[in-house]
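The structure appears right after this line, and notes come after that.
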Amino acid sequence: MSTKAAGTAPEVSALDLAALLCSRVCHDVISPVGAVVNGVEVLEDKDAADMREVALDLIAKSSRQASARLQFTRLAFGAAGSAGARLDLGDAEQVVRGMIEDERTSVDWRLPRELLPKNRVKLLLNLVLLSTTTIPRGGAIIVSALGEGDAMGFRLEATGVSARIPQGAESLIGGQVPDGGLDAHVVQPYYAGMLARESGMTVRFVQDGDMVTLTAA
Numbered sequence: 119m120s121t122k123a124a125g126t127a128p129e130v131s132a133l134d135l136a137a138l139l140c141s142r143v144c145h146d147v148i149s150p151v152g153a154v155v156n157g158v159e160v161l162e163d164k165d166a167a168d169m170r171e172v173a174l175d176l177i178a179k180s181s182r183q184a185s186a187r188l189q190f191t192r193l194a195f196g197a198a199g200s201a202g203a204r205l206d207l208g209d210a211e212q213v214v215r216g217m218i219e220d221e222r223t224s225v226d227w228r229l230p231r232e233l234l235p236k237n238r239v240k241l242l243l244n245l246v247l248l249s250t251t252t253i254p255r256g257g258a259i260i261v262s263a264l265g266e267g268d269a270m271g272f273r274l275e276a277t278g279v280s281a282r283i284p285q286g287a288e289s290l291i292g293g294q295v296p297d298g299g300l301d302a303h304v305v306q307p308y309y310a311g312m313l314a315r316e317s318g319m320t321v322r323f324v325q326d327g328d329m330v331t332l333t334a335a
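Start counting the sequence shown at 119; every next residue gets the next number (the numbering used here).
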């Protein structure tokens, strides 16, 4: 299935979309921030002195995670400059690695370092997020270019055990609102579809065994 640049018109108000994206960002950062709070509470507990090192490690790890997620969501969902702004693919790589790479998932970034129109880079970041949902047990994601310059498209190959195209992702990217309406859990692929249409691009999913390929061109 493909999503067309001239696809279904959005059926969500700007206010609702903004609220849902804010909820999505809060969902992404609340876990590590909560872990930091828990670590501080342990440090303040005089009866838990033996847990001090564990608490400090938790605070340090969770703080880095929260920072990485905020930096990623700032570029993926935020304004990131004026309407005609251009974003650096090098900065995109940095936030992707900070957000995505861990002991379960690796990223092979094969894009050149250059400036592209803002919404095209925001679409790329949202496609990376979608790629992670296709490999729920982790795996490897290869990010490469289709074409060059301002017309550059993207190809993302996600390989991992139990790889699959998430239910409803294709229709959401195509601009279709679920019967029950949008919520913070599904707004991200819907927003990715809006970015694709704004950039005049088509997004496609293809699955071949344990590999799911996303293309935007």
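Heads up, the beta-carbon is just placed ideally off N, CA and C, and yes, glycines get one too.
Between the options, which lies nearest to residue i when the distance is taken from Cα to Cα?
i, options, result
"Leu139", "Thr252, Ala334, Gln306, Thr320", "Gln306"
"Ile253", "Pro284, Trp227, Ala269, Arg231", "Pro284"
"Ala194", "Asp165, Asp209, Ala269", "Asp209"
"Gln189", "Gln212, Gly267, Leu248", "Gln212"
"Ile260", "Arg315, Ala136, Ser249", "Ser249"
"Ala334", "Glu266, Ser181, Gly286, Gly271", "Gly271"
"Arg180", "Val143, Ile148, Ala137, Met312", "Checking the sequence shown, residue 180 turns out to be Ser, not Arg. The shortest Cα separation from Ser180 among Val143, Ile148, Ala137, Met312 belongs to Ile148."
"Glu275", "Arg170, Val143, Thr251, Gln183", "Thr251"
"Thr331", "Arg282, Thr223, Ala314, Arg315", "Arg282"
"Leu241", "Ala314, Gly257, Ser289", "Ala314"
"Val143", "Arg273, Met312, Gly196", "Gly196"
"Gly267", "Ala184, Arg231, Asp326", "Arg231"
Take residue i and list the residues in its own chain whose beta-carbon comes closer than 8 Å to its own, dropping the five residues that flank it on each side.
i, result
"Leu233", "Arg204, Leu205, Asp206, Leu207"
"Val172", "Val160"
"Arg215", "Val225, Trp227"
"Asp134", "Leu300"
When the Cα atoms are used, what is the spatial distance from residue i to residue j?
i, j, result
"Thr277", "Ala263", "18 Å"
"Asp146", "Thr191", "9 Å"
"Ala153", "Glu162", "14 Å"
"Pro296", "Ser280", "25 Å"
"Lys164", "Arg255", "39 Å"
"Gly298", "Val304", "11 Å"
"Val158", "Ser141", "25 Å"
"Asp328", "Ile218", "19 Å"
"Ala166", "Asp220", "30 Å"
"Gly265", "Leu229", "11 Å"
"Ala269", "Val321", "14 Å"
"Arg187", "Ile177", "15 Å"
"Ser317", "Tyr308", "14 Å"
"Ala137", "Asp168", "42 Å"
"Ala132", "Ala287", "21 Å"
"Val324", "Leu174", "44 Å"
"Ala184", "Ser289", "30 Å"
"Arg273", "Arg170", "45 Å"
Please state whether DSSP places residue i in a helix, a strand or coil.
i, result
"Pro235", "strand"
"Met312", "helix"
"Gly191", "First, the amino acid is wrong: residue 191 is Thr here, not Gly. Thr191: helix per DSSP, three-state reduction."
"Gly271", "strand"
"Arg322", "strand"
"Ile287", "First, the amino acid is wrong: residue 287 is Ala here, not Ile. In the structure shown, Ala287 sits in a helix (DSSP, three-state: H, G or I)."
"Ala334", "strand"
"Asp206", "strand"
"Ala276", "strand"
Who are the Cβ neighbours of residue i in its own chain at under 6 Å, not counting the five residues just before and after it?
i, result
"Ala310", "Asn244, Ile291"
"Asn156", "none"
"Val239", "Leu205, Ala210"
"Ala127", "In this prediction, Ala127 has a pLDDT of 44, which is less than 50 and means its spatial position is unreliable; what the coordinates show is noted afterwards. No residues qualify anywhere along the chain."
* **beta strand (DSSP E) segments (min. 3 residues) lying fully within the region 211-267** => 223-227, 233-235, 257-264
* To do: Please go through the region 125-186 and give each complete alpha helix (DSSP H) segment of 4 or more residues, from N-terminal end onward.
  => 132-162
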